[in-house]
């Protein structure tokens, strides 16, 4: 990334971080109903990857997907309103935190069933192949999904059919509350499985937005050229527990401290200094991000509740609500 690209990525990551913090605070105020799975610490994966993709590419995420929705064009106001069950929410209060979706920008959903969206991403890639477009599909998933059958089935089929799909594992070391290393035979749960299906498997520092951008751009180009799928394992760390009900006391204090010193925002900020970007320019990006999220919080709070009469709209592709047989 050049200076301008890195600065834009830093500002977008800062917007995401501020939005995640706002979601945390609003939950504690009782304004976010249900639980949330925050992605603070994962920002570089979403932002770096999205910057390397085309606007019409397809993205599929997990229930920890706020960062991907925002990176693919959802606004903080849309996301926070959705979490607060407001009519102006991204899914009009029907999806909540775990199902953020914005099909108009290629964000084809967040999925609560572990690994369930990997076959969907393969299907989207197959669709692109059938239609003769240069689109690719990208499935983001956690390390725990690598022990799910759908992961292995999808990698196999994608390899056999040479589908234009990229699999990105956000390895934050824990599958909910269990260390992935305790229950997995290989050291790198995603990348070490790729050779079994004859596809490339790479590892990247998932907290380095520039490194993620480079890896995704290269592997996406490979997929567009007809060379088939690839798997990228991005190492990262969540700043909060698995969900808002989890204080994450099972994580060793020294591990948490070590990873917090490897924060994606700090890494990007340090790189900007190395590239000669003035500190006032970086500070201005911080302030713009803070202002965007402050305004989003107030707008979401002021938004009306959803209309019960609209409960069944958007159930079908035509936007209707009629029961079909």
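In UniProt numbering, the protein residues as written are 1 to 325. The beta-carbon is built from N, C-alpha and C at its ideal position, and this holds for glycine as well. Being a predicted model, the structure only gives us computed values, none of them experimental.
Query: Beta-bridge partners of residue 177, as assigned by DSSP; Result: Its beta-bridge partners do not exist; DSSP assigns none.
Query: Residue 142 vs residue 62 beta-carbon contact at 7 angstroms; Result: yes
Query: Supposed close pair residue 85, residue 93 - CB separation, criterion 8 angstroms; Result: 4 angstroms
Query: Straight-line gap, residue 201 to residue 264 (C-alpha atoms, nearest Å); Result: 23 angstroms
Query: Runs of beta strand (DSSP E) wholly within the stretch 206-238 (minimum 3 residues, chain order); Result: 230-235
Query: Sub-7 angstroms separation of residue 150 and residue 108 beta-carbons; Result: no
Query: Contacts around residue 220, its chain only, beta-carbon distance under 7 angstroms, and the 5 residues preceding and following it disregarded; Result: 52, 53, 136, 166
Query: Paired residues, beta bridge with residue 201 - DSSP; Result: 231
Query: Closest residue to residue 18 among 79, 60, 50, 198 (Cα-Cα distance); Result: 79
Query: N-terminal and C-terminal residue of the alpha helix (DSSP H) that residue 58 is part of; Result: No alpha helix (DSSP H) contains residue 58, which is instead part of the beta strand (DSSP E) from 58-62.
Query: Residue 3 versus residue 268 - alpha carbon distance; Result: 11 angstroms
Query: From 168, 98, 152, residue whose alpha carbon lies closest to that of residue 234; Result: 168
Query: Host beta strand (DSSP E) of residue 13 (start-end); Result: Run containing residue 13: none in the beta strand (DSSP E); it sits in the alpha helix (DSSP H), 3-28.
Query: Beta strand (DSSP E) runs wholly inside the stretch 46-127, at least 3 long, in chain order; Result: 58-62, 107-111
Query: CA-to-CA distance, residue 258 to residue 95, given in whole angstroms; Result: 35 angstroms
Query: Continuous alpha helix (DSSP H) stretch holding residue 274: start and end; Result: 264-274
Query: Residues that residue 138 bridges to, as DSSP identifies them; Result: 59, 166
Query: Those residues which DSSP pairs with residue 171 across a bridge; Result: 235
Query: Beta-carbon proximity of residue 70 to residue 23, cut-off 7 angstroms; Result: no
Query: Span of the alpha helix (DSSP H) around residue 155; Result: 149-161
Query: Separation of residue 81 from residue 301, as counted between CA atoms; Result: 7 angstroms
Query: Given residue 67 as reference, the closest of 34, 185, 20 once Cα atoms are compared; Result: 20
Query: The stretch 207-218 in contact with the stretch 241-252 per 3-pair CB rule at 8 angstroms; Result: no
Query: Beta-carbon spacing of residue 91, residue 75 below 7 angstroms; Result: no
Query: Residue from 59, 249, 164, 276 with nearest C-alpha to residue 128; Result: 164
Query: Residue 294 - DSSP class collapsed to helix/strand/coil; Result: helix
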